[in-house]
Every structure is written in structure tokens, then in C-alpha cells.
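Student: Numbering (this note's numbering), first residue to last: 4 to 324.
(1) With a 10 Å radius around its C-beta and 16 neighbouring C-beta atoms as the bar for buried, classify residue 30 as buried or exposed.
(2) Where does residue 38 sit, in a helix, a strand or coil, going by DSSP?
(3) Excluding sequence positions up to five away, which residues of its chain have a Cβ less than 8 Å from the Cβ of residue 14?
(4) Do residue 150 and residue 165 have their CB atoms nearer than 7 Å?
(5) By how many angstroms is the C-alpha of residue 215 removed from the C-alpha of residue 180?
(6) Considering only the alpha carbon of each residue, which of 68, 197 and 154 lies closest to residue 41?
(7) Which value, in whole angstroms, describes the spacing of the CA atoms of residue 257 and residue 228?
(8) How long is the line joining the alpha carbons of residue 19 and residue 12, rounded to whole angstroms?
(9) By a C-beta neighbour count over all protein chains shown, 10 Å radius and 16 as the cutoff for buried, is residue 219 buried or exposed?
(10) Helix, strand or coil: which one does DSSP assign to residue 198?
(11) If contacts are defined as beta-carbon pairs under 8 Å, then residue 45 and residue 33 qualify, I think. What distance do you get, rounded to the angstrom?
(12) Determine whether the beta carbon atoms of residue 175 and residue 115 lie at a separation below 7 Å.
(13) Is it the case that the Cβ atoms of residue 259 and residue 199 are separated by a distance below 7 Å?
(14) Here's the rule: buried if 16 or more other CB atoms are within 10 angstroms of the residue's CB, otherwise exposed. What is residue 271?
(15) Which residues mark the beginning and the end of the alpha helix (DSSP H) in which residue 183 is found?
(16) Taking its Cβ as the centre, do 16 or more other Cβ atoms sit within 10 Å of residue 201, making it buried, or is it exposed?
(17) Residue 54 to residue 73, Cα distance in whole Å?
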């Protein structure tokens, strides 16, 4: 529910809401039990008045809407409990959804015994909640260290026993999964990462190499706007004016996907030194609509002079021809 405070605030509001609604209702339910946003109601005034009561609840607040589920064959699921009406008495059992297949982890599967036991505990807990309460196990130490190991039968068991002697909790993970063996069916979206990118000229071999800590597609749109708005601080627009060439924005491609700023900067500097870079200059500091310091560079050089600045800390390589 988002913030850890959300359930508390929700419960406080719903307590106030239901007290006000039930107090002013013409027909009141015989039983009203609520757990967070699930409500179990016993109604004895007929289905017509029940629908009127539902409309009354939905009219109390413009952002609170209730839905209703009626019993079928004297059975009604509530949370993970199936409530059954028999001879004016209510009985309960574990509720299983219609889509439940009763398929669980095979006991002979290559998993650690604790993982197989965890499946049995998952099935057993709903049954235990319907009986008498059981004493809770003592809480473990919060400072206990945890290690994660790929499970290999016969090897990791011994390592786990050794670590347990040193009060280190061992969590076993599958060594090989089906998901890791299959290809991702989703198509990769281009230029949706941060990193180093290049844009080629449509008429010559010149390339612009840049880096950004945002989506490359967003930075590409800024380059397009700089051409449209004729911004002289843009290296791409200067190349367009000086040569008359059209910038091929469709040629924009990702060189490297790098999150770390310094690594990304050095990668872009090295790439500029190895390409025929006729369009790069330090446009980022003077033409950055977001004023992002990670995309900023030094002051633009004099275009009438030749420059070949070697990579140094905080500098962009500029190759003007």
C-alpha cells in the first residue's frame, strides 16, 4: 500500500467512515466485520434493501466505492476462509480459488530441504489459524548475518552447517532456473537508458558524442529542439550552419550504458578521441535546459582555432576541424 503508514491511516479513516455510515443507516446489518478493506456482513432485511444499503454506502464519499459478493449455495469466501451456512450455523474451511491447481514444489526437486519444508508450512498455516493458538518461536537476533549461496546438493549443505556454527544464516538460491535459460520475449526499447551516445551527420563522417544521466531519448529531443530553435550554443546546429549538412538523428545509437558519472564521462572522452568528431564542442554548459551538472562541460572554445584537448578530470575532449 505504499508507505508503511498507509494501512494505519486507512484503518483510521475506515473506522470513522463505517461508524458514521452505520449510525445513520435506515436498515443496519446484523453483523459487520471488517479487515482493512474486506467486510463480512450478515443481512436480514432482504435483497432489495441490501442494494439500497449498497447505494447508500457509495453515496457517503465520492472516492469510496463498495462492491458486493453474495453467497452461492450457502457458501461465501472471505479472505482465505470459506464460510458455509449449515442449519443456521456458520462453518469455515480453507478457501481455494477455482484456478487453484494443487500443484506444489516436487519433493524430489533439486532444492534445499528447508525450501521444500517452506511449501508444507505454507499449506499448514491456514489450518493452524483455524485451531487453537500456538506459541510463537522466539525472535531471532536482528544483528544476525546472512549469506546467499547457490544450492548444490551435498556441497552447500556442509558449508551451511559450518556457517550455522558461527551464527550466520544461510539462504539457498536455485543454481539454474528456467527463467535464466529462456530469452526475454519483450522487445528492448531503444535509447531508454543513460550513458554515452553518438549522432552522425547525414552528409559527412562527422559524429557528435555525448553523455547523459537521463534517458538518451530525452536528450535526443533536446538536440532536435536546438536545431529547430537555431541555438548557436549547440554544436549540432553550428555544424549544420557551417556546412549546410543535415543532422541524421535517426542514426543516434547507444555506445555504452553506464550509470556511474565519472566512468561515463571518461568513456565519452575516449570515444571522442577515436572518432572523426567534427561536431563536438562544450555545448552542455551553455545549452542545457535542465541545468544538469553531470551533462555540463567547459566553456566553448574559439571555433577559428584548432583544439585537441587530452582527457583530464572535469574536461571534455574537443576535436574541431
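We treat Cβ as the ideally placed atom computed from N, Cα and C, and that holds for glycine. Predicted model only: the values in this text are computed from it and were never measured.
Tutor: Checking against the coordinates, here is how it stands:
(1) Looking at its Cβ environment, which holds fewer than 16 other Cβ atoms inside 10 Å, residue 30 is exposed.
(2) Strand at residue 38.
(3) Excluding positions up to five away in sequence, the list reads 39.
(4) No, these two residues do not count as a Cβ contact at 7 Å.
(5) Going by the C-alpha atoms only, they are around 35 Å apart.
(6) Ranking 68, 197 and 154 by Cα distance to residue 41 puts 68 first.
(7) Distance between the alpha carbons of residue 257 and residue 228 is about 20 Å.
(8) Going by C-alpha positions, residue 19 is about 11 Å away from residue 12.
(9) Buried, since its Cβ has 16 or more Cβ neighbours within 10 Å.
(10) Three-state result, residue 198: strand.
(11) 4 Å between Cβ atoms; contact.
(12) In this structure, residue 115 lies closer than 7 Å to residue 175 by Cβ.
(13) Going by C-beta atoms, residue 259 is nearer than 7 Å to residue 199.
(14) Buried: at least 16 other Cβ atoms inside 10 Å.
(15) DSSP places residue 183 in the uninterrupted alpha helix (DSSP H) bounded by 181 to 184.
(16) So residue 201 ends up on the buried side.
(17) Straight across, the Cα-Cα distance linking residue 54 with residue 73 is about 11 Å.
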